[in-house]
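Peer 1:
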(Lines of atoms letter the chains of each structure in order from A; the text may use other names.)
(Lines give C-alpha, C1' and ligand atoms only; values in the text may rest on other atoms or scores of the structure.)
Protein backbone atom coordinates (compact mmCIF):
# COMPACT_ATOMS: atom_id res chain seq x y z
CA UNK A 45 0.00 0.00 0.00
CA UNK A 46 1.31 3.49 -0.70
CA UNK A 47 2.50 5.44 2.26
CA UNK A 48 3.82 8.87 3.12
CA UNK A 49 6.26 9.82 5.84
CA UNK A 50 5.10 12.31 8.43
CA UNK A 51 8.22 14.44 9.11
CA UNK A 52 6.90 15.56 12.51
CA UNK A 53 6.76 12.06 13.93
CA UNK A 54 8.97 10.18 11.48
CA UNK A 55 6.24 7.55 11.16
CA UNK A 56 4.67 6.11 8.07
CA UNK A 57 1.06 6.98 7.26
CA UNK A 58 -0.70 4.24 5.28
CA UNK A 59 -3.37 5.34 2.79
CA UNK A 60 -6.76 3.95 3.78
CA UNK A 61 -9.29 2.78 1.18
CA UNK A 62 -12.27 5.10 0.73
CA UNK A 63 -15.47 4.76 -1.33
CA UNK A 64 -15.05 4.87 -5.09
CA UNK A 65 -16.98 7.49 -7.06
CA UNK A 66 -17.09 8.79 -10.62
CA UNK A 67 -15.24 11.86 -9.36
CA UNK A 68 -12.38 9.71 -8.06
CA UNK A 69 -12.24 7.83 -11.38
CA UNK A 70 -11.98 11.19 -13.20
CA UNK A 71 -9.19 12.25 -10.85
CA UNK A 72 -7.36 8.99 -11.61
CA UNK A 73 -7.74 9.50 -15.36
CA UNK A 74 -6.36 13.01 -14.94
CA UNK A 75 -3.41 11.78 -12.82
CA UNK A 76 -2.67 9.13 -15.45
CA UNK A 77 -2.77 11.65 -18.29
CA UNK A 78 -5.65 9.86 -20.02
CA UNK A 79 -8.18 11.61 -22.22
CA UNK A 80 -11.70 11.24 -20.87
CA UNK A 81 -15.20 12.63 -21.18
CA UNK A 82 -18.40 12.70 -19.17
CA UNK A 83 -21.59 12.03 -21.12
CA UNK A 84 -25.06 13.54 -20.60
CA UNK A 85 -25.89 10.89 -17.97
CA UNK A 86 -22.73 11.56 -15.97
CA UNK A 87 -20.95 8.38 -17.09
CA UNK A 88 -17.21 8.49 -17.66
CA UNK A 89 -15.65 7.36 -20.95
CA UNK A 90 -11.97 6.90 -21.75
CA UNK A 91 -11.37 6.85 -25.54
CA UNK A 92 -8.65 4.83 -27.24
CA UNK A 93 -8.01 4.30 -30.95
CA UNK A 94 -10.27 1.26 -31.46
CA UNK A 95 -12.38 1.28 -28.32
CA UNK A 96 -13.98 3.57 -25.77
CA UNK A 97 -13.74 2.24 -22.21
CA UNK A 98 -16.81 3.16 -20.17
CA UNK A 99 -16.87 3.27 -16.38
CA UNK A 100 -20.07 1.66 -15.11
CA UNK A 101 -21.18 1.63 -11.50
CA UNK A 102 -23.46 -1.22 -10.44
CA UNK A 103 -25.19 0.51 -7.55
CA UNK A 104 -22.71 0.48 -4.68
CA UNK A 105 -21.67 -3.14 -5.29
CA UNK A 106 -19.12 -2.91 -8.10
CA UNK A 107 -17.45 -0.73 -10.69
CA UNK A 108 -16.81 -2.01 -14.20
CA UNK A 109 -14.58 -0.94 -17.02
CA UNK A 110 -16.29 -2.05 -20.21
CA UNK A 111 -15.09 -1.55 -23.75
CA UNK A 112 -16.88 -2.32 -26.99
CA UNK A 113 -14.82 -2.80 -30.14
CA UNK A 114 -15.67 0.00 -32.54
CA UNK A 115 -16.14 -2.42 -35.44
CA UNK A 116 -19.30 -4.41 -36.00
CA UNK A 117 -19.73 -7.79 -37.62
CA UNK A 118 -22.63 -9.79 -38.93
CA UNK A 119 -23.60 -13.31 -37.94
CA UNK A 120 -21.57 -14.90 -40.73
CA UNK A 121 -18.49 -14.01 -38.61
CA UNK A 122 -20.02 -15.23 -35.35
CA UNK A 123 -18.16 -18.57 -35.24
CA UNK A 124 -14.76 -16.94 -35.81
CA UNK A 125 -15.48 -14.25 -33.21
CA UNK A 126 -16.69 -16.89 -30.75
CA UNK A 127 -13.42 -18.78 -31.25
CA UNK A 128 -11.46 -15.58 -30.50
CA UNK A 129 -13.50 -15.00 -27.32
CA UNK A 130 -13.16 -18.60 -26.12
CA UNK A 131 -9.40 -18.60 -26.71
CA UNK A 132 -9.01 -15.22 -25.01
CA UNK A 133 -10.98 -16.25 -21.92
CA UNK A 134 -9.18 -19.60 -21.66
CA UNK A 135 -5.66 -18.19 -21.92
CA UNK A 136 -5.78 -14.78 -20.24
CA UNK A 137 -6.71 -13.47 -16.82
CA UNK A 138 -8.69 -10.59 -18.23
CA UNK A 139 -10.61 -8.81 -19.36
CA UNK A 140 -13.62 -11.06 -19.66
CA UNK A 141 -14.43 -11.12 -23.38
CA UNK A 142 -17.95 -11.68 -24.65
CA UNK A 143 -20.15 -11.14 -27.69
CA UNK A 144 -23.61 -9.66 -28.09
CA UNK A 145 -25.90 -10.15 -31.05
CA UNK A 146 -28.31 -7.30 -31.66
CA UNK A 147 -31.17 -6.60 -33.99
CA UNK A 148 -30.43 -7.23 -37.62
CA UNK A 149 -27.66 -9.71 -36.81
CA UNK A 150 -25.16 -7.11 -35.59
CA UNK A 151 -22.40 -8.82 -33.56
CA UNK A 152 -20.31 -6.76 -31.12
CA UNK A 153 -17.18 -7.73 -29.15
CA UNK A 154 -16.88 -6.49 -25.56
CA UNK A 155 -14.21 -6.62 -22.85
CA UNK A 156 -15.06 -6.10 -19.20
CA UNK A 157 -13.30 -5.92 -15.84
CA UNK A 158 -15.26 -5.72 -12.58
CA UNK A 159 -14.07 -4.68 -9.13
CA UNK A 160 -16.17 -5.04 -5.95
CA UNK A 161 -16.63 -1.81 -4.02
CA UNK A 162 -17.31 -3.11 -0.50
CA UNK A 163 -13.83 -2.30 0.82
CA UNK A 164 -13.26 0.91 -1.16
CA UNK A 165 -9.96 1.72 -2.88
CA UNK A 166 -6.96 3.93 -2.29
CA UNK A 167 -5.99 6.44 -4.98
CA UNK A 168 -3.12 4.17 -6.01
CA UNK A 169 -5.51 1.21 -6.33
CA UNK A 170 -7.91 3.25 -8.47
CA UNK A 171 -5.01 4.36 -10.66
CA UNK A 172 -3.90 0.74 -11.09
CA UNK A 173 -7.46 -0.46 -11.78
CA UNK A 174 -8.10 2.21 -14.43
CA UNK A 175 -4.70 1.96 -16.11
CA UNK A 176 -4.40 -1.82 -16.08
CA UNK A 177 -8.07 -2.36 -16.93
CA UNK A 178 -7.90 -0.04 -19.92
CA UNK A 179 -4.67 -1.63 -21.15
CA UNK A 180 -6.15 -5.13 -20.92
CA UNK A 181 -9.29 -4.09 -22.81
CA UNK A 182 -7.14 -2.40 -25.48
CA UNK A 183 -5.08 -5.62 -25.74
CA UNK A 184 -8.27 -7.61 -26.43
CA UNK A 185 -9.29 -5.16 -29.14
CA UNK A 186 -5.82 -5.21 -30.70
CA UNK A 187 -6.00 -9.00 -30.80
CA UNK A 188 -9.33 -8.73 -32.62
CA UNK A 189 -7.81 -6.19 -35.04
CA UNK A 190 -5.00 -8.65 -35.83
CA UNK A 191 -7.34 -11.61 -36.30
CA UNK A 192 -9.81 -9.56 -38.36
CA UNK A 193 -7.80 -6.94 -40.27
CA UNK A 194 -10.57 -6.44 -42.84
CA UNK A 195 -14.12 -5.22 -42.53
CA UNK A 196 -16.50 -7.64 -40.82
CA UNK A 197 -19.75 -6.10 -41.98
CA UNK A 198 -20.44 -8.78 -44.56
CA UNK A 199 -23.98 -8.14 -45.77
CA UNK A 200 -24.72 -5.39 -43.24
CA UNK A 201 -25.46 -1.95 -44.62
CA UNK A 202 -23.03 0.82 -43.56
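Residue numbers (the numbering used here): 45 to 202. A virtual CB, placed ideally from N, CA and C, is assigned to each residue, including glycine.
(1) Ignore the nearest five residues each way along the sequence and tell me which others in residue 182's own chain have a CB closer than 6 angstroms to its CB.
(2) Do you know how far the Cα of residue 90 is from the Cα of residue 79?
(3) Please confirm whether residue 192 and residue 141 have their CB atoms less than 9 angstroms apart.
(4) Tell me residue 89's beta-bridge partners as DSSP assigns them.
(5) At the level of alpha carbons, what is the spacing between residue 155 and residue 59?
(6) So, with DSSP's three-state summary, where would you put residue 157?
(7) What did DSSP end up calling residue 129 once you bin it into helix, strand or coil?
(8) Quick one: what's got a C-beta closer than 7 angstroms to residue 64's C-beta in the same chain, skipping five residues either side?
(9) Who are the Cβ neighbours of residue 68 in its own chain at under 7 angstroms, not counting the five residues just before and after it?
Peer 2: Taking the definition as stated:
(1) 92
(2) 6 angstroms
(3) no
(4) 81 and 98
(5) 30 angstroms
(6) strand
(7) helix
(8) 107, 161, 164, 165 and 170
(9) 170
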